[in-house]
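Engineer:
In this note's numbering, the protein residues as written are 10 to 163.
So, in structure tokens, the structure goes:
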């Protein structure tokens, strides 16, 4: 098991499919699949169930997912502490965004972050507002863009 395998595994789970994860992580889908398969072989258990609509997480996969998120967060914090880069923010920022809004906001947001905050790695997870709210409450995102109607505010 290595850090890249954990990162790719978490990416696939959060994206819901290998195709979406490959695009978000900027890696070939075949390489992503290989790393996740190697992780499964290393643990000797299936972590994901793959089908035409995407992936779902097995019980073993859920246990690994919890720990992998903690491990990756600790690595990120350690890197930030050791680089001691006050002048230039760095790290990963995860944004949850509804699919419709993503089509409009993704391009300009990514361009702005790349040019103004080059040490920030922006990760965008698309979904529907209900699940995005739940995932935000669970700490899967740093921030989320959500649709709200007057009826849903309460």
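Virtual Cβ for every residue (Gly too), placed ideally from N, Cα, C. Since the structure is predicted, the reported quantities are computational estimates derived from the model, not experimental observations.
Could you check whether the stretch 101-117 touches the stretch 86-93, counting it as contact only if at least three pairs of C-beta atoms, one from each stretch, sit closer than 8 Å?
Structural biologist: With the cut-off at 8 Å, the stretch 101-117 and the stretch 86-93 do not touch.
Engineer: Can you check which of these residues, 130, 92, 108 and 134, is closest to residue 20 by C-alpha distance?
Structural biologist: Taking the first residue of the chain shown as 1, we reach residue 20 at position 11. It is 134 whose Cα lies nearest to the Cα of residue 20.
Engineer: Could you check what DSSP says for residue 103 in three-state terms: helix, strand or coil?
Structural biologist: Working through the chain shown from its first residue, we reach residue 103 at position 94. Strand at residue 103.
Engineer: When the Cα atoms are used, what is the spatial distance from residue 64 to residue 15?
Structural biologist: What you label residue 64 is simply residue 55 of the chain shown in a count that begins at 1. What you label residue 15 is simply residue 6 of the chain shown in a count that begins at 1. In a straight line, the C-alpha of residue 64 is about 16 Å away from that of residue 15.
Engineer: DSSP state of residue 13, grouped into three classes?
Structural biologist: By 1-based counting over the chain shown, the position of residue 13 is 4. In the structure shown, residue 13 sits in a helix (DSSP, three-state: H, G or I).
Engineer: Decide if residue 49 is buried, meaning its Cβ has at least 16 other Cβ atoms within 10 Å, or exposed.
Structural biologist: Reading the chain shown from its first residue, position 40 is the one you call residue 49. Burial call: buried.
Engineer: For residue 43, which of 115, 121 and 18 has the nearest alpha-carbon?
Structural biologist: The residue you call residue 43 lines up with position 34 of the chain shown. The residue with the shortest Cα to Cα distance from residue 43 is 18.
Engineer: Terminal residues of the continuous alpha helix (DSSP H) containing residue 59?
Structural biologist: One-based indexing of the chain shown puts residue 59 at position 50. Not the alpha helix (DSSP H): residue 59 falls in the beta strand (DSSP E), residues 57-60.
Engineer: What number of angstroms, rounded off, separates the C-alpha of residue 74 from the C-alpha of residue 125?
Structural biologist: Counting from one through the chain shown, the residue named residue 74 turns up at place 65. Counting from one through the chain shown, the residue named residue 125 turns up at place 116. Between residue 74 and residue 125, the C-alpha separation is close to 32 Å.
Engineer: I need the straight-line Cα distance from residue 39 to residue 150, nearest angstrom please.
Structural biologist: Translated into the one-based positions of the chain shown, residue 39 becomes position 30. Translated into the one-based positions of the chain shown, residue 150 becomes position 141. Rounded to the nearest angstrom, the two C-alpha atoms are 26 Å apart.
Engineer: Would you kindly check if the distance between the Cβ of residue 32 and the Cβ of residue 41 is under 8 Å?
Structural biologist: Sequence index remark: in the chain shown, residue 41 carries index 32 (1-based). Sequence index remark: in the chain shown, residue 32 carries index 23 (1-based). No, these two residues do not count as a Cβ contact at 8 Å.
Engineer: Closest by CA to residue 138, which one among 27, 11, 155 and 47?
Structural biologist: The residue labelled residue 138 in the question sits at position 129 within the chain shown. The shortest Cα separation from residue 138 among 27, 11, 155 and 47 belongs to 155.
Engineer: Which residues in the same chain have their Cβ closer than 8 Å to the Cβ of residue 56, if we skip the five residues on either side of it in sequence?
Structural biologist: Taking the chain shown and counting its residues from 1, the one referred to as residue 56 is at position 47. Result list for residue 56: 18, 45, 48, 49, 66, 67, 69, 70 and 73, in chain order.
Engineer: Return the CA-CA distance between residue 157 and residue 52, expressed in angstroms with no decimal places.
Structural biologist: The residue you call residue 157 lines up with position 148 of the chain shown. The residue you call residue 52 lines up with position 43 of the chain shown. Each residue's Cα considered, the two are about 42 Å apart.
Engineer: Label residue 22 either buried or exposed according to how many other C-beta atoms from any shown protein chain fall within 10 Å of its C-beta, with 16 as the threshold for buried.
Structural biologist: Reading the chain shown from its first residue, position 13 is the one you call residue 22. That one is buried.
Engineer: Going by the CB atoms, is the gap between residue 107 and residue 141 shorter than 8 Å?
Structural biologist: For the purposes of this step, residue 141 is identified with residue 132 of the chain shown, where counting begins at 1. For the purposes of this step, residue 107 is identified with residue 98 of the chain shown, where counting begins at 1. Result yes, Cβ atoms of residue 141 and residue 107 sit closer than 8 Å.
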